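With this note's numbering applied, the sequence shown corresponds to residues 27 to 238, in that order. Working notes, beginning with the structure itself.
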Amino acid sequence: MRPVLILASQSPARASLLTRAHLPYETVVSHVDEDAALAEHGPLSPSDTALLLARAKAEAVASLEIAEGRVVLGCDSVFELDGESYGKPYTADVAVERITAMSGRKGTLHTGHWLVDRRNGESHGEGAISSADVYFSEMSREEITNYVATGEPLQVAGSFTLDGRGSVFIERVDGDPNAVIGLSISTLRDLLAARHVSPSHWWRPTPQPTTS
Ligand SMILES: Nc1nc2c(ncn2[C@@H]2O[C@H](COP(=O)(O)OP(=O)(O)OP(=O)(O)O)[C@@H](O)[C@H]2O)c(=O)[nH]1
27 MRPVLILASQ SPARASLLTR AHLPYETVVS HVDEDAALAE HGPLSPSDTA
77 LLLARAKAEA VASLEIAEGR VVLGCDSVFE LDGESYGKPY TADVAVERIT
127 AMSGRKGTLH TGHWLVDRRN GESHGEGAIS SADVYFSEMS REEITNYVAT
177 GEPLQVAGSF TLDGRGSVFI ERVDGDPNAV IGLSISTLRD LLAARHVSPS
227 HWWRPTPQPT TS
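Spelled out as structure tokens, the structure:
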């Protein structure tokens, strides 16, 4: 039986968070062009950017036939430092520059969530942001270049991971740590509750067909 939840994301970290919570899901990547989605809008705050992109991803997948009768979750994570939005650094030079600016300081990781409920012939969308302040320890130039050389920070929003090597440099998180990684499970619970669904329903063993 297909899981009710579709995760509209290519992110292994987001998938892992659902798996660890024993929440069954199917992954359908949205292939949303994030720059094009943002170009339609004027300047947005980092949190509004995350919510808009989460919505674009969820709606792109929710429009597919595979989403009929199911619930689709899209997410997007944006790192805020000094009021500026940062996504993935992609290159080592950009990662070194950004991590150098973060050293010894506090940034905020905003993760947008958008849920589209396509059950019962409807299509109801609702979103929420989960933001967490992240406090970084002082990092030496050598530590930064050694971290960037691993390649880990290049493909993650904010150029660091909380659940990987980046944890060496994180002193404190104020907020949902899962939101830092990319998907706040408690925010998903709240969005599902608004649609009269509890993730705990999915822990029940699926009734096995009786052999007559
Ligand atoms: N493992 C880990 N990944 C992180 C962390 N912070 C951000 N990320 C990842 O960085 C990526 C942020 O880029 P997004 O554009 O939101 O998502 P994406 O990876 O492109 O995947 P889509 O959902 O398909 O757009 C996500 O995959 C996040 O899971 C972290 O602390 N740990």
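Heads up, the beta-carbon is just placed ideally off N, CA and C, and yes, glycines get one too. Every value quoted in this text rests on a predicted model; they were computed, and no experiment measured them.
Inter-residue Cα distance where the pair is residue i and residue j
i           : j           : result
residue 204 : residue 146 : 30 Å
residue 54  : residue 47  : 19 Å
residue 115 : residue 184 : 7 Å
residue 195 : residue 228 : 36 Å
residue 125 : residue 173 : 10 Å
residue 42  : residue 50  : 11 Å
residue 117 : residue 222 : 43 Å
residue 61  : residue 78  : 11 Å
residue 91  : residue 177 : 37 Å
residue 141 : residue 188 : 25 Å
Supposed contact pair residue j and residue i - C-beta distance, whole angstroms, cut 8 Å
i           : j           : result
residue 97  : residue 56  : That pair is no contact at about 15 Å.
residue 162 : residue 113 : That pair is no contact at about 18 Å.
residue 100 : residue 35  : 7 Å
Exposed unless 16 or more other CB atoms sit within 10 angstroms - verdict on residue i
i           : result
residue 210 : buried
residue 89  : exposed
residue 200 : exposed
residue 81  : buried
residue 59  : exposed
residue 148 : exposed
residue 111 : buried
residue 132 : exposed
residue 72  : buried
residue 136 : buried
residue 40  : buried
Helix, strand or coil at residue i according to DSSP, with G and I counted as helix
i           : result
residue 45  : helix
residue 124 : helix
residue 114 : coil
residue 214 : helix
Ligand 3 heavy atom lying under 6 Å from the CB of residue i
i          : result
residue 36 : As for ligand 3, it is missing from this structure, which binds only ligand 1.
Are the segment 100-113 and the segment 162-177 in contact at 8 Å, needing three or more beta carbon pairs? No, they do not touch.
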